[in-house]
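K.L.:
Below you'll find the structure I mean.
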Amino acid sequence: MVKRLLLSFFLSVFCVVMAFAQDRVVSGQVTDPETGEGIPGVTVLVKNTTQGTVTDASGNYQISVPEGGILVFQAVGLETQEVTVGAQSTINLEMGSAVQGLNEVVVVGYGEQSDKTLVQSISRVNSESFENFPLVSVQEVLQGQAAGVQMTATSGVVGSSSAIRIRGVSSITSGTSPLFVVDGVPLNDGDYSNALGATPLNPLADLNPQDIASISILKDAAAVSIYGSRGANGVILITTKRGGLNEKTVFSFDYYTGWSKPTTTPDMMDADQFRQFRADVFTIQGTPTDPNDADVFPQTSFDWPSAVEQTGRVSSYSLSARGGTAKTSFYVGLTYFNKEGYIIGNELDRVNLTSNINHEASDKLRFGLSLKLSNSKYDRVNSDNSTFAPFTSAFLQLPWVEAFNDDGTFTQTGFIRNVVAREQTSQSYFVSRRVIGNFYLEVEPIQGLVLRTDNGLDVVQTEERERDLEVFEPGGYAYEENNQDIKWLSTNTIAYRRTFGDHSINVLTGFSFETADRNDIAVEGVGFATDALPNVASAATPTTTFASGTRWALDSQFGRVNYNYKEKYIIEGTVRRDGSSRFGPDRRYGTFWSVAGGWNISDEAFMENIAFLDFLKLRVSYGTTGNDRIGNFTWQGLYGGGNDYNGLPGFEPSNPANLNLSWEETEQFDVTISAGLLKNRISFDISYYNKNTTNLLLDRDLEWNETGFADIQSNLGELRNQGIDFNINTVNLDVAGFKWTTNLNLGYLDNEVTSLPGVAEDNEGRPFVTGSANQRAIVNYPVNTYFLIPYIGVNSQTGEAEWLGINGEPTSNPTQDDRRILGQALPKWNGGFTNTFTYKGITLTAFFTFQAGGKLYDDGLRFTDNAATGSFNKRVAVLDIWRNPGDAAFVPSPAAASFADWDQRSGLHLYSNSFLRLRNLRIAYDFPKSLMQKTKYINSFTVYAMGTNIATFFNSFYKDVGWDPESTEDGDLTGSQSELFFTPPQEKAFTVGVRMGF
Amino acid sequence: MKNIFFKYTVIVAVLLGFTACEDRLDLIPEQSISNDAAFINEQSTFGALIGAYSLFQDGEITGGESQMITDAMADNVNFVGSFPTLQDVSTYDVLSTNGSTQAYWTEAYECILAANAVIANTPNVSDPGFTDAEKNQIVGEALFIRGATYFHLVNLFAQPFNNSNGADLGVVINNEPFVGDFGAQRSRSTVNEVHAQIRSDLEAAIPLLTGEFDASFPLRATPVACQALLARLHLYRGEYAEVLTRTQEVINNGSFTLASDYSFYNTTSSEHIMTLSHSAIDGSEWALWYTSPTEGGRGDAPFSDELLAAFDTTADLRFTTLNVTRQAADAVDRIFTSKFPNGTTNEDNSPFLRYTELLLNRAEALVQSTNSVNAEAITILNDLRTRAGLSTFTAGDFASPQALIDQLLDERRKELCFEGHRRMDLLRNGLPLRQGLADAAFGGNETVFPIPQREVDLNPNLAQNPGF
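If you read the protein sequences in the order shown, they are chains A and B. If you want my numbering, it's the position in the first sequence, counting the first as 1, plus 36. If you want my numbering, it's the position in the second sequence, counting the first as 1, plus 5.
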């Protein structure tokens, strides 16, 4: 296969010689028919080629066209026009607003397609919807922007990772994140940083959201099957900004600055409340205690939650230039981004450089290089499940424990650490240096036939350091880890497109090889002569010396054929064969495919009389994709090294073998209707999809006493995701310069495990796989189903806590046999709702996001609401203890037998995670172009102000408990979605900025 | 024209030269080896044995955590830590979902299965330089590890022998290495069956262990370690004649003496019949619990008031030379043992079998088997008291054999406190773990740990302990 492709590639290169036709240069201006002003940024393409340019700031362009060629003028929101080039050398054009979203060019896997002939389900997000938002990472761009895409930021820690699900969860224990592809390079997305108690940092936070021009979210099988074994979770294609040929150089400067606070924090007891609470507990339990008795309770106090919080600050400076000569176009950019989180000691300092250079050596040969460099330095904080974490220990620390001694030195507070001391004395940082580059070369020997090679690199190099001083860690402690993950990728394709009369055909075939090589090295040591020596090498005793290397490779061939008749009937077929090193030698290769069809119904003659309907299209697709997001060597039975005893080297069983391990496969059916109504005042898409995943890559639970292992990677079971994606854009009002538009996108998801043969069954005979201590995947239920003892409340007569027994009777002494199914973690509904009002340069945007139908489990409440222990501080709500018959209390009587077990896992800690959030409220003012032109230097000038996460509605957890429902402790782990453990809330922010073009 | 064509061809050819061939998919890990490679020669087989030791030295088995928390269940340790699952153990509020007690089960079986692989595969290793004697030595050590781990498990998860003469449910016996088949799920054997398995493993190990006193003594398994552990097993079963036989074997070996003072911790002194080695890179957990936050530990496990009351705190060298007052986890200054001081490096060895314990086992068996105020038992008692700087006893000081037993148990407590013996010493004598706490009474459901809920959920044949 590889050899044959190679041969065909060479053969076609021969043809280059034969196809030098006569070209002529055409120039002109594209103008707005309403204002007469030039329109910048219009793409001018020679039809059926990839040759093209973009109009400059005044709407001017210049392009060389073969005689008789057709020029295609395209721009977002404008009606696409075609002009056949005759003898004229000047072509001026007026372009009016078009049917929204109809004739755009859409980035698809290994190419672009026009929206009209597109039969794939792809959601697009253009830079207008996130430009100058104070975003740290590309994932945040996706929040609430596209139907069927759920993006959950895991926490308010700067650079924390996020969970993205496209059309549900198609795996139980292997990865469920989509594949990210930036300018043709699938990104490395391993965990490079220490978790520090929570999920590791977001590996995609090295990318600068400001450099992104557009994002395509590939959802159905027709779209993703060209990514074969990695398509099952969806694919996100990111295209960065580019310049256009013959485009005047335009500089753009952007600056914004902002302030942030956590959206909410729980009300904790102060020292007086805590002493009173403990004294009451002792007194009720039979030992009369005085809260002011200094022999029993320290009489000091300290406000830990306030001490670990600060006003976060963000600043971003961005300078870019774009433009082009007749043969070369460029985009170069520099961004400096600094963000201090609202947790003391948490900061990110990032510099991004971008360069996209494209050159046309002739009309037969094009090449270019896109290069992104970044240096991101994080001053890190622990979070979630760590007593080193400011936002954890501040809520656990007893409020009478002080941070400072009388002489001003830090106190040693023991296992619940003095986090104030740590943030002021310790060093904990992570630096990620990254280069993502892609070189491409295209040869077009005859018109429509394009041979292309893409060669990409993604080089991640990280360095992590921790140094704790004597006051925090006796003797001193240091840790250093370095990671390198180097991916290399080569993709070679041949594309051919041609129109014969009413028939158009578009063929793509190619092969690619991709490999990544990762090496880690870590050292740890304790015992320092002095705090002044920062390096781990100065430690007296090395406690860890670690080195590891791992690698994987993927060998692929793929092809796609798209045919249309009069752009009315479209069919498309895709096939991809992948071989992955992650599976056993006999199970390595898998073939994935899809077929799709589209029908532009509104082009039919019988539709012409339906005046209100401007556009109507039906698409159907079916196909398969795979998932290989498991460890690199899990099919092999392994003994792991590094397990020594008494200075002798040893190894112990580390992984059970499964030689039959193979792909997880997802079949997906999709049907979509798109329509434009009432002169495009209303346009919408609605899709139904049904995804069945078989041969689930599953960590099957093993009994320790049978196997000595916790689990084995298996292909086992099936699950289904079906749902509806709905997207609607409306122009509600467009009078006298005032315009009001609305976008609503909405996803409904029904997720269900359909089969788990051979695994353990619960007491009701339902097969299940353990996700977390609270969640299970249970057959006939969603993949994240809570399985817990239901909690009723405190019996107002007895003061005992009551749970619901399995027999339906209340009990104060439940067992694990009383556990029941108590809902799902994944929300069933989610989406975004945007209203935009524009009037004479003023734009007001209100953007809401929402989700509904799921539940969250707050494990942290087992600590801050653990009324029985004196080891941790409590929420103020815990003061409400039962004292007398008739009390409707929150907390059982301290004298009750159930008091000590009240903190056990149960429905008590389960809350709805439904909410509606005013994500952004933004007001911007564009100074009039006419005014700007008078300055002679500045072309455009915009100022804006924006609030983020301003208000949250319909969530009692947010309102009453004081943590953020939009967070999850484990990020990407499917088995424990929507579980929190002192997970720092999202931030509430206010940002102001300017944007200037000159 | 020709030049241009040539240029394009070269560019394309160079780029295509990078691309794939399928054997690039044959990748192997760097820090692991395949199952097959683990048992190919003497060196690799020995590596697998060392791996089993590495598991055996874990905090959940011999390395300190389970020892500390059982001393806290009993009356030696006042647990002041904040770790909820351990707090629940110390307050008798354990649920079957308790993560700490689950780890005692899982780590123990991980170790047993690793030992099973060594026992099953070693005889079949084909390596000309690998003699039968060397193979026997490796199998013998793995048998010791397995027997000792079963003993540890049955003590934690089952009622003691004397609760119903060993008829209570013990733990699961699994002597097979895991080779990938999911066969019938095993159920729990009785305490007697588990004890018989331990005895069988240790007795089988004795003749195989010929490299008895090599350089690694007393850090690895030896015939005397087997005898000493068997002595403990027989004592727990009330089989006093066997205790006398086993202890006599160890005494006859002549390698052991009572140390003259208490500086033998973390050494290879002749006080130790077997001690588990720990260094900074494979630290133990003793100091984690027993040292203060100011010294790198958690400071969770100071002396209990009852233990302090048991000591003559001015004269008893076991107290005066082995205690420090430091800030505890609850920020209050408390008294800690100084047996395990290495809080920052955690390189304290685990005292697994001490000669002192062996002699105390013998003394107790002497009194029990003769039902008399036995003279040899008093000698042992007096040797220990002399070492502790205390007065000695004569036979006339004991009104009854039981009085001598009580004195031996009291002495035993003070000798072995914080080393994880107290809970079983109380239970095997039918005594409550703590005074004035109903849950801690002998035979109480919560004096043993629940079978981990995860395992019960996965295996319907696995009966839960009563009350959970």
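Ideal Cβ placement from N, Cα and C applies to all residues, glycine included.
Is DSSP giving A/S1 helix, strand or coil here?
P.N.:
Limits of chain A in this structure are 37 at one end and 1034 at the other, which puts residue 1 of chain A out of reach.
K.L.:
Quick one: is A/S584 near chain B, going by C-beta distance under 8 Å?
P.N.:
So yes, A/S584 belongs to the interface.
K.L.:
If you measure beta-carbon to beta-carbon, which residues of the segment 220 to 246 of chain A are closer than 8 Å to chain B?
P.N.:
The residues in question: there are none.
K.L.:
So is A/D706 in contact with chain B if we call contact Cβ pairs under 8 Å?
P.N.:
Not an interface residue.
K.L.:
Would A/P685 pass as an interface residue toward chain B - the criterion being a Cβ-Cβ separation below 8 Å?
P.N.:
It does: the Cβ of A/P685 has a partner Cβ on chain B nearer than 8 Å.
K.L.:
At the 8 Å Cβ level, is B/T102 part of the contact set with chain A, yes or no?
P.N.:
It does; some Cβ of chain A falls within 8 Å.
K.L.:
Would a check of beta-carbon distances place B/N179 closer than 8 Å to chain A?
P.N.:
It does: the Cβ of B/N179 has a partner Cβ on chain A nearer than 8 Å.
K.L.:
Considering only C-alpha positions, which residue in the set B/S131, B/S194, B/T50 is nearest to B/N470?
P.N.:
Looking at the Cα atoms, B/S194 is the closest of the given residues.
K.L.:
Tell me whether the beta-carbon of A/S365 lies closer than 8 Å to the beta-carbon of A/D219.
P.N.:
The answer is no: Cβ separation not under 8 Å.
K.L.:
Are the C-beta atoms of B/W294 and some chain A residue less than 8 Å apart?
P.N.:
Not one chain A Cβ lies under 8 Å of B/W294.
K.L.:
Since B/M279 is in the beta strand (DSSP E), which residue starts that stretch and which ends it?
P.N.:
Unbroken beta strand (DSSP E) run through B/M279: 277 to 281.
K.L.:
Kindly indicate which three-state DSSP category A/A134 falls into: helix, strand or coil?
P.N.:
Residue placement at A/A134 is flagged as unreliable, the pLDDT there being 47, under the threshold of 50; a coordinate-derived value is accordingly withheld.
K.L.:
What would DSSP say about A/R665, mapped onto helix, strand or coil?
P.N.:
It is coil, neither helix nor strand.
K.L.:
Along chain B, in chain order, which residues have C-beta atoms closer than 7 Å to that of A/A693?
P.N.:
The answer, in chain order, is N40, G185.
K.L.:
Restricting to Cα atoms, I'd like to know which of B/F473, B/T452, B/Q232, B/E460 is closest to B/S95.
P.N.:
Among B/F473, B/T452, B/Q232, B/E460, the Cα nearest to that of B/S95 belongs to B/T452.
K.L.:
If you draw a straight line from the C-alpha of B/I256 to the C-alpha of B/T272, how long is it?
P.N.:
Near 20 Å, if we compare the C-alpha coordinates of B/T272 and B/I256.
K.L.:
A/W671 by DSSP, collapsed to three states: which one?
P.N.:
In this structure, A/W671 counts as coil in the three-state DSSP scheme.
K.L.:
Tell me, please, whether the CB atom of B/I485 is closer than 8 Å to any CB atom in chain A?
P.N.:
Outside the displayed span of chain B (6 to 473) sits residue 485 of chain B, for which this structure offers no information.
K.L.:
Hey, would you say B/I124 sits closer than 8 Å to B/A138, going by beta carbons?
P.N.:
Not in contact: B/I124 and B/A138 (Cβ atoms no closer than 8 Å).
K.L.:
Does any residue of chain B have a CB that is nearer than 8 Å to the CB of A/L674?
P.N.:
True, the Cβ-Cβ gap to chain B drops below 8 Å.
K.L.:
On the CB-based measure, 16 or more other CB atoms within 10 Å of its CB, does A/I379 come out buried or exposed?
P.N.:
Buried, by the Cβ-count rule.
K.L.:
Which residues in chain B have a C-beta closer than 8 Å to the C-beta of A/V562? List them in chain order.
P.N.:
Those within 8 Å of A/V562 in chain B are A285, G301, T349, T350.
K.L.:
What do you get for A/Y658, buried or exposed, if any count of 16 or more other CB atoms within 10 angstroms of its CB means buried?
P.N.:
Classification of A/Y658: buried, given that the 10 Å Cβ count is 16 or more.
K.L.:
If you draw a straight line from the C-alpha of A/K910 to the C-alpha of B/P89, how long is it?
P.N.:
For A/K910 and B/P89, the distance between alpha carbons rounds to 15 Å.
K.L.:
In the DSSP assignment, find the beta strand (DSSP E) that holds A/T702 and state where it starts and stops.
P.N.:
Start and end: 700 to 713.
K.L.:
Check the Cβ of A/V437 against every Cβ in chain B and list those closer than 8 Å, keeping chain order.
P.N.:
Result: A336.
K.L.:
When you compare each of A/G744, A/N421, A/F475, A/G381 to A/F1035 by their alpha carbons, which one comes out closest?
P.N.:
Residue coverage of chain A in this structure runs from 37 to 1034, which leaves residue 1035 of chain A outside it and unanswerable.
K.L.:
Whose Cβ in chain B lies nearer than 7 Å to the Cβ of A/T577?
P.N.:
What A/T577 touches in chain B: A285, T350.
K.L.:
Extract the residue ranges of the alpha helix (DSSP H) inside the segment 725 to 795 of chain A, only unbroken runs of 4 or more that lie entirely within it.
P.N.:
Runs found: 740 to 743.
K.L.:
Taking the alpha-carbon positions, what's the A/V62 to A/S229 distance?
P.N.:
Straight-line Cα distance between these residues: approximately 53 Å.
K.L.:
In or out: A/K876 buried (at least 16 other Cβ within 10 Å) or exposed?
P.N.:
With fewer than 16 other Cβ atoms within 10 Å, it is exposed.
K.L.:
Assuming B/I150 and B/F61 form a contact by the criterion Cβ under 8 Å, report the distance between their Cβ atoms to the nearest whole angstrom.
P.N.:
Indeed, because the Cβ distance is near 5 Å, the residues count as touching under 8 Å.
K.L.:
Just curious, the beta strand (DSSP E) that A/F549 is in, first and last residue?
P.N.:
Segment 539 to 562, the beta strand (DSSP E) holding A/F549.
K.L.:
Taking A/K602 as the reference, give the member of A/F547, A/P621, A/M187, A/T535 with the closest Cα.
P.N.:
The shortest C-alpha separation from A/K602 is found at A/T535.
K.L.:
Check A/Q87 in the structure and name its three-state DSSP category.
P.N.:
Reduced to three states, the DSSP call for A/Q87 is coil.
K.L.:
Quick one: which chain A residues come within Cβ less than 7 Å of B/E416?
P.N.:
What B/E416 touches in chain A: nothing, since even the nearest Cβ is about 32 Å away.
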